[in-house]
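All remarks here apply to the structure that follows.
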Amino acid sequence: MQMIRAGLLLALLLGLSLCRADWINLTGAETAPNIAEIYVMDDHIRLVFEVYIGNLDRFNELVPDAWLAEADTSRPSLEERMRSFASECFKFVIETGEVLPARLELVEPRLRVDRKSPFAGMINPLTRQRVPEAPADKRVLYAEVVYPFTRKPEQLTMVPPLDEKGIADVTIGFIAYHKSVPVIDFRYLGQAAKLNLDWQDPWYSRFDNPNLKRHHKSALMSFLYVEPYEVRHEILTRVKDLETWMELGLRDPEYIEIDELEPLKQRIGEFLLGRNPVRIDGATVKPILDRSNYVKVGLSGIQLLEKPKRLEVSTAIVGVIITYLTSDLPREVTVDWELFNDQIERIPATCRSSKLIRS
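For the sequence shown, position 73 (counting from the first letter as 1) is numbered 69 according to my numbering, and the numbering increases by one without interruption.
So this is what it looks like as structure tokens:
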């Protein structure tokens, strides 16, 4: 058994608060002029592309003939333009060197999605650079482009339009998903980027570039909240990881059907209730299952799933809150963490305590 100890004694005596601010993306990539959302599915890649009105000339292949002020009989056909787009503008290359073909499924004028960035226009305290703001002109060309493949690639290289130095010649903010798992938070696609795909468990798909990653990279996380009359242990875990320790009892090993959501969530809560014991001031305290919910890793952190829907076992995440009642503010809280396996060797743990002023 390995142990994670929440060392709160000194901090509580000093009246300090062990708090970590909620994560906010400071790259500004979500406000870039051009936005690419990339979804790697079982037999295709879907590119959802918002092209800034000022960059339409760089992505002219996507512009419909009907949008041109004057008819151009010399303009290549849509099929020819998409061949050019797939090979020169927005390219996806698999490990064999094959460049995937592209098919335009939808194109229309829209206003850009408002991806709120609370620090847009402010100075990033880490880089001392101003966090970019979204363009004032919200008009975009909205396009959905599909790149089909016949076998699942092991690697996928994403190549934006490049200059002679191999640097993107337009500014593109992007986010990539492997199936329903976000592989990164919003980042800039400033050059070719290689993605290693784990088809057995998309959670572990990774870019070669260490700067291209998501903030919530761990599949299992622990949060400990200490207050004057209550200690809460909040656990985030993927359903798939729990297969190591409990029988899920699902009809389909790959999916959780809607009618299975509630009973599975209850079983997970009851399972975790008897694991990872918490001691408060040296004494074992009876745990109370407060609640459990299905959640997702979104652009702004952990978000509740509001509506029941069929979930993939490999990507479904459950949040469980276990409460321990106390008579006062504890001086020391210890968690003995028991759940480790070959993939999960370390558990990120966050401890937060209420600021206490004693009379």
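Glycine included, every Cβ here is placed at the ideal spot set by N, Cα and C. Small disclaimer: the values here were computed from a predicted structure and weren't measured.
Can you tell me whether residue i is buried or exposed, with buried defined as 16 or more other CB within 10 angstroms of its CB?
i: lysine 148; result: exposed
i: tryptophan 199; result: buried
i: lysine 243; result: For the sequence presented, residue 243 should be read as glutamate rather than lysine. Per the 10 Å Cβ criterion, exposed.
i: glycine 93; result: exposed
i: leucine 216; result: buried
i: alanine 98; result: buried
i: leucine 185; result: buried
i: glycine 270; result: exposed
i: histidine 40; result: exposed
i: isoleucine 180; result: buried
i: alanine 62; result: exposed
i: tyrosine 225; result: exposed
i: isoleucine 254; result: exposed
i: lysine 282; result: exposed
i: arginine 306; result: exposed
i: lysine 303; result: exposed
i: methionine -3; result: Model confidence at methionine -3 stands at a pLDDT of 37, short of 50, so the residue's coordinates are unreliable; what they give is reported in the following sentence. So methionine -3 ends up on the exposed side.
i: glutamate 57; result: buried
i: arginine 287; result: exposed
i: isoleucine 31; result: buried
i: proline 156; result: buried
i: asparagine 51; result: buried
Assign residue i to one of three DSSP states: helix, strand, or coil.
i: valine 281; result: coil
i: tyrosine 225; result: coil
i: lysine 161; result: coil
i: lysine 134; result: coil
i: proline 144; result: strand
i: alanine 82; result: helix
i: proline 149; result: coil
i: lysine 236; result: helix
i: arginine 54; result: coil
i: proline 105; result: strand
i: serine 349; result: strand
i: isoleucine 49; result: helix
i: arginine 202; result: strand
i: arginine 99; result: strand
i: proline 178; result: strand
i: aspartate 248; result: strand
i: leucine 216; result: strand
i: leucine 260; result: helix
i: glutamate 230; result: strand
i: alanine 65; result: coil
i: leucine 191; result: strand
i: alanine 25; result: helix
i: leucine 208; result: coil
i: leucine 185; result: coil
i: arginine 126; result: strand
i: glutamate 76; result: helix
Candidates the options: which alpha carbon is nearest residue i's?
i: glutamine 299; options: Leu232, Pro157, Asp277, Glu150; result: Leu232
i: alanine 172; options: Tyr48, Pro344, Glu26; result: Glu26
i: glutamate 150; options: Asp197, Arg275, Asp110; result: Asp197
i: glutamate 230; options: Leu335, Ala28, Val316, Trp63; result: Val316
i: leucine 193; options: Arg183, Pro178, Phe182; result: Pro178
i: leucine 102; options: Arg247, Pro60, Glu328, Val235; result: Pro60
i: leucine 268; options: Leu238, Thr280, Leu64; result: Leu238
i: serine 113; options: Arg106, Asn30, Gly24, Phe170; result: Gly24
i: histidine 211; options: Phe336, Pro344, Met37; result: Pro344
i: aspartate 248; options: Asp204, Thr280, Glu308, Asn207; result: Glu308
i: phenylalanine 170; options: Asp38, Cys347, Phe45; result: Phe45
i: arginine 106; options: Val95, Val136, Leu96; result: Val136
i: cysteine 85; options: Arg108, Ile318, Val141, Gly245; result: Val141
i: proline 326; options: Tyr221, Thr153, Pro72; result: Tyr221
i: isoleucine 284; options: Thr322, Val166, Val291, Leu257; result: Thr322
i: leucine 335; options: Trp241, Ile49, Lys87, Phe55; result: Trp241
i: methionine 154; options: Asp53, Glu258, Arg111, Asn205; result: Asn205
Segment contact flag, the segment 128 to 135 with the segment 65 to 77, C-beta cutoff 8 Å, min 3 pairs
no
Quick check: the segment 73 to 82 against the segment 151 to 164, are at least 3 beta-carbon pairs closer than 8 Å?
no
Is the number of C-beta pairs between the segment 304 to 314 and the segment 339 to 347 that are closer than 8 Å three or more?
no
Three-pair Cβ contact test at 8 Å for the segment 275 to 282 versus the segment 255 to 264:
no
Within the segment 264 to 347, note down every full beta strand (DSSP E) run reaching 3 residues or more, in order along the chain.
274 to 276, 284 to 294, 297 to 300, 313 to 321, 329 to 331
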